[in-house]
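In numbering that gives the first Met the number 0, the protein residues as written are 0 to 584. Virtual Cβ for every residue (Gly too), placed ideally from N, Cα, C. Some notes on the structure that comes next.
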Amino acid sequence: MRMSRMFSRTLREAPNGADTKGYEYLLRAGYIRQMGAGIFSLLPLGFKATQKIEGIIREEMNAIGGEELQMPVVNPADIWKETGRYYSIDKEMGRFSDRNNRDMVLAMTHEEAVTDIARGEIDSYKRLPLLVYQLQTKWRDDPRPRAGLIRVREFTMLDSYSFDRDAEGLDKIYRDHYRAYFRIFSRCGLPSIAVGADSGMMGGKISHEYMYLSPIGEDTIILCDKCGYTANRQIAKFGKEYIEEEMKPIEKVSTPESKTIEDLAAYLNIDAKKTAKCVFMVGTFINDKNGEEEEKLIVALVRGDYEVEESKLSNAARANSIRPAHEEEIMACGMVPGYASPIGAKGNFICIVDDSVAKSNNLVAGANDAGFHYLNTNFGRDYTGTVADIASARDGMRCPVCGAPLRASKGVEIGNIFQLGTRYSSAMNCTYQDESGKQIPVVMGSYGIGVGRLLACLAEEYNDEGGLKLPVSVAPYQVHLVSLVKDTAIADSIYDELTSKGIEVLYDDRKESAGVKFADADLIGIPLRITLGNRSLKEGKVEVRIRATGETTTYLLSDIAEEIKAEIAKEQARIDEGIVEKELQ
RNA sequence: CGGGUAGUAGCGCAGGGGCUAGCGCACUUGGUUCGGGACCAAGGGGUCGGAGGUUCAAAUCCUCUCUGCCCGACCA
0 MRMSRMFSRT LREAPNGADT KGYEYLLRAG YIRQMGAGIF SLLPLGFKAT QKIEGIIREE
60 MNAIGGEELQ MPVVNPADIW KETGRYYSID KEMGRFSDRN NRDMVLAMTH EEAVTDIARG
120 EIDSYKRLPL LVYQLQTKWR DDPRPRAGLI RVREFTMLDS YSFDRDAEGL DKIYRDHYRA
180 YFRIFSRCGL PSIAVGADSG MMGGKISHEY MYLSPIGEDT IILCDKCGYT ANRQIAKFGK
240 EYIEEEMKPI EKVSTPESKT IEDLAAYLNI DAKKTAKCVF MVGTFINDKN GEEEEKLIVA
300 LVRGDYEVEE SKLSNAARAN SIRPAHEEEI MACGMVPGYA SPIGAKGNFI CIVDDSVAKS
360 NNLVAGANDA GFHYLNTNFG RDYTGTVADI ASARDGMRCP VCGAPLRASK GVEIGNIFQL
420 GTRYSSAMNC TYQDESGKQI PVVMGSYGIG VGRLLACLAE EYNDEGGLKL PVSVAPYQVH
480 LVSLVKDTAI ADSIYDELTS KGIEVLYDDR KESAGVKFAD ADLIGIPLRI TLGNRSLKEG
540 KVEVRIRATG ETTTYLLSDI AEEIKAEIAK EQARIDEGIV EKELQ
């Protein structure tokens with residue numbers, strides 16, 4: 000590509016709002032342009048990089064037996080009503096009516112669509128297993144897009160769907176994906192880790208998220224450096240201690256001005272872990288069949304020194320969503336904020352008790368009387384509720400596996416894999432006939448990678464003061480040819496020669512100063528730069544500079560095609576050496 | 001959805017009741033320069049986010065509204 004004819008141009012200054020380096024450079028180098036909140040165009044450079052990523056994805060998906068297809072973005076709402084997600088997913092899904100007033104949705108994922116197709120294709124166990132994937136546009140009306148391509152509303156996603164006759168089959172294809180995803184990310188040059196995750200709106204039991212660890216990430220990952228335990232904080236467990244002792248009789252004491260655990264512990268001169276903290280949320284429960292909604296107060300109890308993890312709480316309560324409760328809602332159930340506990344409370348509420356509280360004795364809890372608390376409350380004797388793990392794992396807490404201190408880190412979710420089981424096949428009657436003639440729901444899995452987000456993470460990982468420095472496997476071009484001599488004949492012939500040999504060349508044939516050309520080359524970040532200048536040309540040589548390291552070598556003009564091929568191979572070899580082969584333990 | 005902040009040329013910004021709205025970069029023309037964001041000269045480009053209002057006069061004041069960004073809620 001001749002730069003004189005390139006659609007995009009570089010920006011000298013960062014557009015307002017580009018607050019991470021990767022985003023700033025993608026914008027300035029002309030890879031992407033914004034059109035609205037969370038809505039971006041991929042300009043030719045960004046599109047090329049994306050195509051490289053997609054090429055890697057296709058190779059790896061094909062390698063595990065996937066077949067590529069493409070499903071429609073617009074789905075009739077009927078299939079989403081079959082699974083109930085038409086009702087349980089809120090405003091995040093785009094909805095509209097067609098000209099005949101039929102409900103339509105913009106598919107934000109394709110479990111329904113693929114299951115609808117599959118039920119027409121699968122009849123016998125002999126047809127299984129199957130695996131299909133697509134690279135396709137998703138629209139998800141995220142309430143808060145941010146950080147460029149990291150969190151957008153419209154994006155391209157690899158999504159694959161597996162169909163098996165039983166859990167063993169699912170387990171195998173799930174493991175295949177686990178391994179293939181590490182290969183994909185590492186072939187793109189992106190370091191990643193897999194963590195145990197919440198399956199969220201997808202349903203199902205087992206799921207893993209792939210995380211690019213970075214301070215710009217929004218997810219919090221809990222990891223153990225000693226034994227390798229990793230999990231998203233939303234589900235991360237940690238080693239809890241229980242205060243087990245002989246139950247003592249409950250006793251009401253005056254605790255004026257002690258609305259927080261901190262004040263209470265100070266007033267009574269006790270450790271916060273000797274208290275039970277009461278957190279109030281309101282859960283929304285949606286009927287999958289008809290979309291009817293119901294709200295209910297959720298009372299969450301954790302030990303005073305722990306925090307409530309809302310995802311865990313939401314799962315334990317089986318709520319579709321939860322929000323903090325208002326004071327009136329708490330008081331309506333006979334509890335007094337600041338001095339609250341389920342003891343003596345009445346009305347329609349759900350009580351979820353963290354095991355740290357359930358298994359500890361004689362904790363201090365609210366008396367539902369302003370200015371008073373109870374000493375020596377005990378779960379089971381003084382109140383009841385559902386026991387679950389709803390406490391949040393934090394930096395420094397103990398590893399649930401080996402007991403070593405846990406570490407918290409920020410991460411960007413670049414992919415995830417779910418064992419769906421029969422959630423969709425049962426709801427949509429996607430069954431196969433087994434040897435005995437019985438109809439059995441197909442066992443499914445679904446798997447996804449955000450392509451644009453992956454590019455954004457790469458831009459974040461590979462940059463310096465000058466701009467991007469993408470790995471050769473994903474860079475839009477392999478070579479950036481910069482000509483500084485007036486006579487274009489030599490540069491033109493190098494360009495033609497390299498191009499004819501299948502090398503991807505971005506040729507800066509513009510009438511710009513050397514400084515501008517170098518600065519733009521650094522910004523765009525093509526891995527290799529050929530500089531054609533009078534200085535070395537006098538000796539019949541050109542310079543080849545490696546963007547990532549700045550290392551420069553001069554080669555004879557006559558050898559340049561072969562030398563460049565060798566340099567590209569070297570760059571590619573660096574990537575190949577870093578390919579991660581990892582099996583699910 | 002709550003809190004904050006901003007919207008003036010393609011990009012970055014200044015101006016904050018009064019004549020023709022400015023600066024840097026980018027752009028056009030001519031000339032000089034030519035290996036790390038050159039210089040000189042002459043130019044082109046604006047519904048000051050939108051609507052309504054106050055006023056002799058509004059980019060500027062008031063009301064409403066739209067949009068972007070940041071924090072939170074939320075999210076795969």
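Cβ pair residue i, residue j closer than 8 Å
{"i": "S355", "j": "Y241", "result": "yes"}
{"i": "E208", "j": "N415", "result": "yes"}
{"i": "N462", "j": "K47", "result": "no"}
{"i": "E460", "j": "L189", "result": "yes"}
{"i": "K204", "j": "G420", "result": "yes"}
{"i": "L531", "j": "S482", "result": "yes"}
{"i": "R546", "j": "R528", "result": "yes"}
{"i": "G282", "j": "I321", "result": "yes"}
{"i": "E256", "j": "S359", "result": "no"}
{"i": "N261", "j": "Y373", "result": "Checking the displayed sequence, the identity of residue 261 turns out to be Glu instead of Asn. For E261 and Y373, no; Cβs fall outside 8 Å."}
{"i": "V450", "j": "I52", "result": "yes"}
{"i": "L134", "j": "T108", "result": "no"}
{"i": "A275", "j": "R302", "result": "yes"}
Nearest residue (CA-CA) to residue i, options the options
{"i": "M334", "options": "F348, Q571, V579 and R84", "result": "F348"}
{"i": "E309", "options": "I389, R317 and V298", "result": "I389"}
{"i": "A196", "options": "D218, P190 and F184", "result": "D218"}
{"i": "Y173", "options": "Q418, S340, L157 and E23", "result": "Q418"}
{"i": "I234", "options": "E464, S313, E111 and E293", "result": "S313"}
{"i": "G290", "options": "E511, E561, I63 and G83", "result": "G83"}
{"i": "S408", "options": "G402, V400, P399 and G395", "result": "G395"}
{"i": "K500", "options": "I559, A331 and V484", "result": "I559"}
{"i": "I55", "options": "L222, A179 and R406", "result": "A179"}
{"i": "A271", "options": "L362, G337 and P248", "result": "L362"}
{"i": "P404", "options": "I221, L10 and M92", "result": "I221"}
{"i": "C401", "options": "Q33, L127, K225 and F6", "result": "K225"}
Residue range of the alpha helix (DSSP H) that includes residue i
{"i": "L127", "result": "Here L127 belongs to no alpha helix (DSSP H), and DSSP marks it neither H nor E."}
{"i": "K564", "result": "I559 to E576"}
{"i": "A315", "result": "E309 to A316"}
{"i": "R118", "result": "E110 to E120"}
{"i": "E23", "result": "K20 to R27"}
{"i": "G424", "result": "With the sequence shown as reference, residue 424 is identified as Ser, and Gly is not the correct amino acid for it. S424 -> alpha helix (DSSP H) spans R422 to A426."}
Start-to-end residues for the beta strand (DSSP E) that takes in residue i
{"i": "R322", "result": "S320 to P323"}
{"i": "E294", "result": "E292 to R302"}
{"i": "C456", "result": "Where C456 is concerned, there is no enclosing beta strand (DSSP E), although the alpha helix (DSSP H) it sits in stretches over V450 to E460."}
{"i": "L655", "result": "No answer is possible for residue 655: the residues shown for the chain start at 0 and end at 584."}
{"i": "K276", "result": "A275 to I285"}
{"i": "T487", "result": "Here T487 belongs to no beta strand (DSSP E), and DSSP marks it neither H nor E."}
{"i": "N533", "result": "Where N533 is concerned, there is no enclosing beta strand (DSSP E), although the alpha helix (DSSP H) it sits in stretches over N533 to L536."}
{"i": "E662", "result": "What the structure shows of the chain is the stretch from 0 to 584, and residue 662 is not part of that stretch, so it cannot be assessed."}
Residue i in three-state terms, based on DSSP
{"i": "F46", "result": "helix"}
{"i": "N377", "result": "coil"}
{"i": "V543", "result": "strand"}
{"i": "T82", "result": "helix"}
{"i": "V473", "result": "coil"}
{"i": "D163", "result": "strand"}
{"i": "S512", "result": "coil"}
{"i": "Y382", "result": "strand"}
{"i": "A331", "result": "coil"}
{"i": "M156", "result": "strand"}
{"i": "T498", "result": "helix"}
{"i": "E59", "result": "helix"}
{"i": "F6", "result": "coil"}
{"i": "D140", "result": "coil"}
{"i": "I611", "result": "Residue 611 is absent from the structure shown; the chain starts at 0 and stops at 584."}
Cutoff 8 Å; reference residue i; Cβ partners in own chain excluding five residues on either side
{"i": "I31", "result": "L25, F39, S40, L41, L42, G45, G147 and L148"}
{"i": "S535", "result": "V541, E542 and T553"}
{"i": "M427", "result": "I78, E81, T82, E111, T114, D115 and R118"}
{"i": "F284", "result": "E292, E293, E294, K295, R317, A318 and N319"}
Contacting residues, own chain, Cβ-Cβ under 6 Å from residue i (five flanking each side not counted)
{"i": "I523", "result": "A28"}
{"i": "C350", "result": "V298, P341 and G384"}
{"i": "Y85", "result": "A76 and W79"}
{"i": "P526", "result": "V471, A474, R546 and E570"}
Contacting residues, own chain, Cβ-Cβ under 7 Å from residue i (five flanking each side not counted)
{"i": "K468", "result": "Y461, N462, G524, R546 and A547"}
{"i": "Y494", "result": "L480, V504 and Y506"}
{"i": "D287", "result": "G83, Y86 and S87"}
{"i": "Y132", "result": "M60, G65, E67, L157, D158 and S159"}
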